[in-house]
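Only one structure is covered here, and it is reproduced in the block below.
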Amino acid sequence: MSETIAIANQKGGVGKTTTAINLAAALACLGQNTLLVDLDPQGNATSGLGFSKNGDYPSVHQVLVDLLPADQAIQQTSVELLDILCASQDMVSAELELASVVSRENRLFKALEPFIPVYDFIIIDCPPALSLLTINALVAANRAIIPIQGEYYALEGLAYFIEAINKVRESINPNLQLEGGVLTMFDIRQTLAQQVKSELEKYFGESLFKTQIPRTVRLAEAPSFGKTIFQYDARSKGSEAYLSLAGELLARRGWKGMRFNNN
Ligand code: ATP
Ligand code: MG
Numbered sequence: 021m022s023e024t025i026a027i028a029n030q031k032g033g034v035g036k037t038t039t040a041i042n043l044a045a046a047l048a049c050l051g052q053n054t055l056l057v058d059l060d061p062q063g064n065a066t067s068g069l070g071f072s073k074n075g076d077y078p079s080v081h082q083v084l085v086d087l088l089p090a091d092q093a094i095q096q097t098s099v100e101l102l103d104i105l106c107a108s109q110d111m112v113s114a115e116l117e118l119a120s121v122v123s124r125e126n127r128l129f130k131a132l133e134p135f136i137p138v139y140d141f142i143i144i145d146c147p148p149a150l151s152l153l154t155i156n157a158l159v160a161a162n163r164a165i166i167p168i169q170g171e172y173y174a175l176e177g178l179a180y181f182i183e184a185i186n187k188v189r190e191s192i193n194p195n196l197q198l199e200g201g202v203l204t205m206f207d208i209r210q211t212l213a214q215q216v217k218s219e220l221e222k223y224f225g226e227s228l229f230k231t232q233i234p235r236t237v238r239l240a241e242a243p244s245f246g247k248t249i250f251q252y253d254a255r256s257k258g259s260e261a262y263l264s265l266a267g268e269l270l271a272r273r274g275w276k277g278m279r280f281n282n283n
């Protein structure tokens, strides 16, 4: 039975897509059959894995709006054990098209339900808004991971977002739990980053991932080549960090395969 994890934060540019791509790829590297769902009309996870967002093949848009069965849209990626449900540019209109349909918050859940026995993990990359698409992700998911950039204003809006997760749990999806926060683009030398880290430790407690994702240019470069960090530079600090994050996630589920990198 798969776990469905939404990578979400209504704040933009905090490392959601980088985390969704590389956490999904790391889970696949660790032998987990994984599906990455690109729910962001920007399609950064789609292009980051080397797929076109020009509607060359069916996307999550058709799945949500036209009720196309997801198996007709899921694509194999160049990473073994990693599949993708791509976004397309026409998804910008998906919000509007979904606004008037029945059970509009349930569409993604219904589409992914047949795949729960198929994949070990379904990872959903969310847009930077608390929109109907993000609500669809939170309704489909049983866990949410919130990437947080180690910088000023990082905590702004966080309480509001967590409140939204609580509301979805209370009203539609009792299975939804906060898996935790993960510090991204972390620069250990910056005092500010250290301050954000200690704030987050207070805020999240045990659920804050011990793994921090460092700021490294290799992580920023990889998507422009349509590659995961493991394909682009397997020996980089970024690849080590995302492998450690996946290991930590699996260890929370009793997996004893690897030790962590606590930085
Ligand atoms: P959006 O809200 O627009 O969807 P996002 O939260 O998905 O953004 P990303 O696209 O993952 O954020 O990252 C924002 C930018 O920062 C991108 O250019 C990305 O390449 C870069 N970036 C992400 N993580 C790192 C990192 N650890 N080190 C260096 N650059 C990073
Ligand atoms: Mg993104």
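Here the sequence shown stands for residues 21 to 283, numbered as in the working numbering. Yeah, the Cβ is synthetic: ideal placement off N, Cα and C, and Gly gets one too.
Between asparagine 282 and phenylalanine 250, what straight-line distance do the alpha-carbon atoms span, to the nearest angstrom?
Annotation note: pLDDT 48 at asparagine 282 (below 50); position unreliable, no value reported.
Tell me whether valine 34 is buried or exposed, calling it buried when 16 or more other Cβ atoms sit within 10 Å of its Cβ.
Burial call: buried.
Please check the pair threonine 337 and alanine 28, which I expect to be a contact at CB under 8 Å, by giving their CB distance rounded to whole angstroms.
For residue 337 there is no data in the structure shown, the boundaries of the chain being 21 and 283.
Taking the beta strand (DSSP E) that leucine 56 falls in, what are its first and last residues?
Its beta strand (DSSP E) spans residues 54-58.
From aspartate 207 to threonine 236, what distance separates their C-alpha atoms?
Roughly 9 Å between the two C-alpha positions.
By a C-beta neighbour count over all protein chains shown, 10 Å radius and 16 as the cutoff for buried, is glutamate 268 buried or exposed?
Glutamate 268 is buried by the Cβ-count criterion.
Excluding sequence positions up to five away, which residues of its chain have a Cβ less than 6 Å from the Cβ of leucine 263?
Result list for leucine 263: Ala46, in chain order.
What does the Cβ neighbour count give for leucine 270, buried or exposed, with the cut at 16 atoms within 10 Å?
Buried, since its Cβ has 16 or more Cβ neighbours within 10 Å.
Note the first and the last residue of the continuous alpha helix (DSSP H) segment covering glutamine 251.
Start and end: 249-252.
Do aspartate 145 and leucine 37 have their beta-carbon atoms positioned less than 8 Å apart in this structure?
For the record, residue 37 in the displayed sequence is threonine; it is not leucine. Yes, these two residues count as a Cβ contact at 8 Å.
Can you give me the C-alpha to C-alpha distance between proline 78 and glutamine 210, rounded to a whole angstrom?
Taking the straight line joining both Cα atoms gives about 44 Å.
Within 7 Å: the Cβ of lysine 36 and any heavy atom of the ligand MG?
Yes, Cβ of lysine 36 sits closer than 7 Å to a heavy atom of the ligand MG.
Alpha carbons only, please: which of Gln52, Leu88 and Gln109 is nearest the one belonging to serine 67?
When each option's Cα is compared against that of serine 67, the closest is Gln109.
Do the segment 192-201 and the segment 225-241 meet, that is, are 3 or more Cβ pairs less than 8 Å apart?
Yes, they touch.
Helix, strand or coil: which one does DSSP assign to serine 22?
Here serine 22 sits in coil by DSSP.
Would you call asparagine 74 buried or exposed, if buried means 16 or more other Cβ atoms sit within 10 Å of its Cβ?
Asparagine 74 should be labelled exposed.
Grouping DSSP H, G and I as helix and E and B as strand, with all else coil, what is glutamate 190?
Helix at glutamate 190.
In the DSSP output, which residue or residues are listed as bridge partners for threonine 204?
Gln169.
On the DSSP letters alone, give me the boundaries of the beta strand (DSSP E) that phenylalanine 141 sits inside.
It spans 141-145 - the beta strand (DSSP E) in which phenylalanine 141 sits, taken as one unbroken run.
Would you say valine 83 and alanine 131 are within 8 Å of each other, going by their C-beta atoms?
In this structure, alanine 131 lies closer than 8 Å to valine 83 by Cβ.
Which same chain residues, not among the five before or five after glycine 304, have their C-beta less than 7 Å away from its C-beta?
The chain is shown from 21 up to 283; residue 304 falls before or after that span and cannot be answered.
Classify lysine 276 as buried or exposed, calling it buried when 16 or more other Cβ atoms lie within 10 Å of its own Cβ.
Exposed, by the Cβ-count rule.
Who are the Cβ neighbours of leucine 150 in its own chain at under 6 Å, not counting the five residues just before and after it?
Taken in chain order, the residues that qualify are Gln30 and Ala184.
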